[in-house]
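One structure is given here, and the rest of the page talks about it.
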Amino acid sequence: MMPYTLKLEKRLEISRTATFLVPVISILLALVFGAVLLSLVGANPLKTYQAMLEGAFGTPALWQQGRYHNIIETLVKATPLILTGLAVAVAFRMRFWNIGAEGQLVMGGIAAAAVALWVPTLLPFLPESRWFYLPLIILSSMLAGAIWALIPAFLKAYLKVDEIITTLMFNYIAILLYQYLFNIAWKDPDGFGFPGTAMIPDFTWLPRITGRLHWGILIGIAAALVVWIIMDRTRWGYEIRLIGESKNAGRYAGISLAATILLVMFLSGGLAGLAGMSEVTGISYRLQRGLAVGSGFTGIIIAWLARLNPWGVLLVAFLMAALLVGGEQIQMTMGLPASVSPVLQGAILLFVLGGSLFNQYRLRIVRLALAAEPESENPAASEE
Amino acid sequence: MELVISILSIAIVAGVSLVYATIGEIFTERSGILNLGVEGMMIMGAVTAFAAAFHTGSAWVGVLIAMLVGGGMALIHAFITITMRADQVVSGLALTLFGTGLSSFLGQRLGPDGSPLVGLIGPRFRPIPIPVLSEIPIIGQMFFNQDILVYIIYLFVPVSWYFLYKTRPGLHLRAVGESPQTADALGVNVLKLRYFYTMIGGMLVGLGGAHLSLAYTPGWAEHLTGGRGWIVIALVIFATWDPGRAVIGALLFGGVNAIQFRLQAMGATIPASLLNMLPYILTVVVLVAITWFESFRKRVGPPAALGLPYMREERS
Chain Z
3 MMPYTLKLEK RLEISRTATF LVPVISILLA LVFGAVLLSL VGANPLKTYQ AMLEGAFGTP
63 ALWQQGRYHN IIETLVKATP LILTGLAVAV AFRMRFWNIG AEGQLVMGGI AAAAVALWVP
123 TLLPFLPESR WFYLPLIILS SMLAGAIWAL IPAFLKAYLK VDEIITTLMF NYIAILLYQY
183 LFNIAWKDPD GFGFPGTAMI PDFTWLPRIT GRLHWGILIG IAAALVVWII MDRTRWGYEI
243 RLIGESKNAG RYAGISLAAT ILLVMFLSGG LAGLAGMSEV TGISYRLQRG LAVGSGFTGI
303 IIAWLARLNP WGVLLVAFLM AALLVGGEQI QMTMGLPASV SPVLQGAILL FVLGGSLFNQ
363 YRLRIVRLAL AAEPESENPA ASEE
Chain C
146 MELVISILSI AIVAGVSLVY ATIGEIFTER SGILNLGVEG MMIMGAVTAF AAAFHTGSAW
206 VGVLIAMLVG GGMALIHAFI TITMRADQVV SGLALTLFGT GLSSFLGQRL GPDGSPLVGL
266 IGPRFRPIPI PVLSEIPIIG QMFFNQDILV YIIYLFVPVS WYFLYKTRPG LHLRAVGESP
326 QTADALGVNV LKLRYFYTMI GGMLVGLGGA HLSLAYTPGW AEHLTGGRGW IVIALVIFAT
386 WDPGRAVIGA LLFGGVNAIQ FRLQAMGATI PASLLNMLPY ILTVVVLVAI TWFESFRKRV
446 GPPAALGLPY MREERS
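Sequences listed follow chains Z and C, in order. Note that the working numbering has the first sequence beginning at 3, numbered continuously upward. Note that the working numbering has the second sequence beginning at 146, numbered continuously upward.
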């Protein structure tokens, strides 16, 4: 019998080394996996990765000419991801599994389009100004996302209905509603059969910074700041974390669980709603295909990889957007499937999940207590 | 009458993939593991089944490969959540993301000489009318003029029901999901069983995917599953973790699909998207009902240890 065995031992504190090393090693392993996959289909992995990198960030040569469109596109793609990542991170802080950011995003987009399309026609006496309409649109989209999040929150808070499933189901209800609206109910009659609403008036557009980059990115950064202040600098944020760590501790501290769930999900849904708003009023200027492209689900990955830290969300959302843009680039320039990006995203997350055990546990080689065999330097030798 | 028959027979074909995958996920969840990777495993099953069938010329090889792929992906989930004790929700979602991406990648490369699979025609399971039985009026057409994977279901469903409720291994399975501590104390190897049923679940989900690309809509197209994996997650709850009720649910949800095509053909005005919401809304209603009514929950509620990792050394 082998006198040694591997044993998992709980660490007294979360290991800082592991916290840092696990994501790094995971990304490397995912890249190796992607490289194997790419070689199998006859592509050169190094060249592909280089093309993805250049596609997402541009090249020094381009920068010298003052052309930053690659990195700008990455920032454009990062905008909704920052907001959904924050939305999920807020809810996960109190261990409320909001899988519904996608649906809340869609509802926010619907609300933004609704206000931008109908309010100017129904109430023509209102000032046709950005200063009036943008705050109105921002508030209504946050409210729409928040209300969509509040239904599962209410069911959880008062009836203890599992939120994983309800938020998940609400995604599909929202997406189907959105498809119904732009395909049928709100379809532009002058759109030559093109499925989508009419264009929203220009005083409801988010101003652009440069190229396709619009104010949404600023809203995202501001949201990260607000979330950080709420979560890490206020008593309420402390209470949310306390409940996340132990429901009982929260209860003994006199915190109302139900009220906290409702407020947290109001915030979470509102943030996701903003993501939908920024896509409609910043990019597409109408309700059409391309709003429900999985940003809500990617937000879960981002929040998790960022360890629910708002500044981490900014960074990870940017990296995930870079992966997406890089993937689109290799599809265009090298004819390789853009789906390399979700494969890499999924692989990174799977490796991180697999490795996160080492944050809390360490692997130790221990000698079995009952080892009565003679001392041996080589455990394999004693087996023979 | 013609209409009802045709809707029902389409509902059956449309429901097959759902039945296999739902019963698979029921086995997994009964053991206490929530695997939200169904959509990813199903679509990987669909693409690999079609690719394998296309290259070998045998639909059965396709089924086999799809089951291996589904089981293999479920093994990843099992390793991450059981051995590495990571969060089941996030791991399942990662698996779906990974599978959806990989299926699209493979779909563009697994054709002859690295060409796309889209648009190719390969072997498929065709309806085989059963002599005599298929000539029974009404029922014959519906039940006995279907493909072989449909016929297997007629056996598979009662067998899984019997296994779950009337056999010793079935009892162990339920025990592991309800109260792993008790099961462990009785000498049942909790982790081993969870591994086993997570993989069985993945294999059945892969089989469901294979039916999509080899019989229901033969061929490969991106997003072939069209969110069926999520319907499966809904169906498990709708069926309250019971293989028998899973069939009714799958027929109902498959029927929604069939009715919608019929209605459109007849020029009806109920929009497809609104009709498609029905399964999701019904699932929320069922979930609320089984949570709300205490007596109801005890009889048909979720496995008590669903989603919780089992750590023997931290047993309380």
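Where a beta carbon is used, it is the ideal one built from N, C-alpha and C, also for glycine.
Own chain residues within Cβ distance below 6 Å of residue i, not counting five before or after
i, result
"T241/C", "G182, E184, G185"
"P274/C", "N290"
"G298/Z", "T86, A103, E104, L107"
"I74/Z", "G213, L215"
"L336/C", "I227"
"T31/Z", "The amino acid occupying residue 31/Z in the given sequence is Leu; Thr does not appear at that position. Excluding residues within five positions, the ones whose Cβ falls inside 6 Å are F353."
"G215/C", "M186, G190, G347, M348, V350, G351"
"G389/Z", "Residue numbering for chain Z in the displayed model covers 3 to 386; residue 389/Z lies beyond these limits and cannot be assessed."
"R132/Z", "F205"
Delimiting residues of the alpha helix (DSSP H) encompassing residue i
i, result
"I168/C", "147–175"
"V121/Z", "103–124"
"K79/Z", "71–95"
"Y296/C", "293–311"
"I202/Z", "That residue, I202/Z, is in no alpha helix (DSSP H); it is neither H nor E in DSSP."
"S297/Z", "297–307"
"G147/Z", "132–161"
"F199/C", "183–201"
"I435/C", "423–437"
"I177/Z", "165–182"
"K337/C", "335–356"
Rounded Cβ spacing between residue i and residue j (contact assumed at less than 8 Å)
i, j, result
"F250/C", "V342/Z", "6 Å"
"F270/C", "A204/C", "5 Å"
"L213/C", "W365/C", "Rounded, the Cβ-Cβ distance is 18 Å, inconsistent with contact."
"G265/C", "G252/C", "Going by the sequence as given, residue 265/C is Leu instead of Gly. That belief does not hold up - the Cβ atoms of L265/C and G252/C are roughly 10 Å apart, past 8 Å."
"S305/C", "A191/C", "Not a contact, Cβ separation roughly 22 Å."
"T199/Z", "R288/Z", "5 Å"
"A324/Z", "F59/Z", "7 Å"
"Y51/Z", "L33/Z", "7 Å"
Residues near residue i in its chain [Cβ-Cβ closer than 8 Å; skip 5 each side]
i, result
"N185/Z", "P197"
"Y174/Z", "G105"
"P203/Z", "A118, P122, E130"
Member of the options whose CA lies at the smallest distance from the CA of residue i
i, options, result
"V393/C", "P303/C, G217/C, V277/C", "Correcting the residue type first, residue 393/C is Ile in the shown sequence and not Val. Among P303/C, G217/C, V277/C, the Cα nearest to that of I393/C belongs to P303/C."
"L153/C", "M344/C, I210/C, L397/C, I382/C", "L397/C"
"M96/Z", "I245/Z, Y182/Z, R13/Z, I149/Z", "I245/Z"
"G398/Z", "I112/Z, N100/Z, L136/Z, L39/Z", "Any question about residue 398/Z goes unanswered here, given that chain Z covers just 3 to 386."
"M362/Z", "R254/C, A231/C, L419/C", "Here the sequence assigns Gln to residue 362/Z, which means Met is not the residue at that position. Of the candidates R254/C, A231/C, L419/C, the one whose C-alpha sits nearest the C-alpha of Q362/Z is A231/C."
"M201/Z", "W188/Z, I211/Z, P209/Z", "W188/Z"
"R237/Z", "A255/Z, S248/Z, L33/Z, A226/Z", "A255/Z"
"N311/Z", "V92/Z, G68/Z, Y51/Z", "V92/Z"
"S358/Z", "L307/Z, S280/Z, Q347/Z", "L307/Z"
"V90/Z", "L64/Z, A148/Z, Y51/Z, K49/Z", "A148/Z"
"P448/C", "A239/C, I297/C, M348/C, P325/C", "P325/C"
"P276/C", "S176/C, R175/C, F288/C", "F288/C"
"L161/Z", "I435/C, V149/C, T385/C, R254/C", "I435/C"
"A159/C", "F438/C, Y361/C, T385/C", "Y361/C"
"H356/C", "F438/C, L163/C, V321/C", "L163/C"
"V295/C", "A156/C, L148/C, Y455/C, A198/C", "A156/C"
Spatial neighbours of residue i in its chain, beta-carbon cut-off 7 Å, leaving aside the 5 residues before and after
i, result
"Y425/C", "A379"
"A251/Z", "L244"
"Q333/Z", "P339, A340"
"T173/C", "N180, Y342, T343, G346"
"I293/C", "F270, I273"
"I263/Z", "F98, A155, K158, A159"
"A53/Z", "Q331, I332, T335, M336"
CB contact flag (residue i, residue j, <9 Å)
i, j, result
"P344/Z", "G246/C", "yes"
"G278/Z", "A114/Z", "yes"
"G354/C", "A211/C", "yes"
"T343/C", "L220/C", "yes"
"G284/Z", "W217/Z", "yes"
"G457/C", "D329/C", "The displayed chain sequence assigns Arg, not Gly, to residue 457/C. Yes, these two residues count as a Cβ contact at 9 Å."
"L349/C", "L318/C", "no"
"S28/Z", "G356/Z", "yes"
"G351/C", "M229/C", "no"
"I140/Z", "I221/Z", "yes"
"V163/Z", "L331/C", "no"
Residue i: first and last residue of the uninterrupted beta strand (DSSP E) it sits in
i, result
"E15/Z", "First-last for E15/Z: undefined, no H or E at that position."
"I211/Z", "210–212"
"I367/Z", "363–369"
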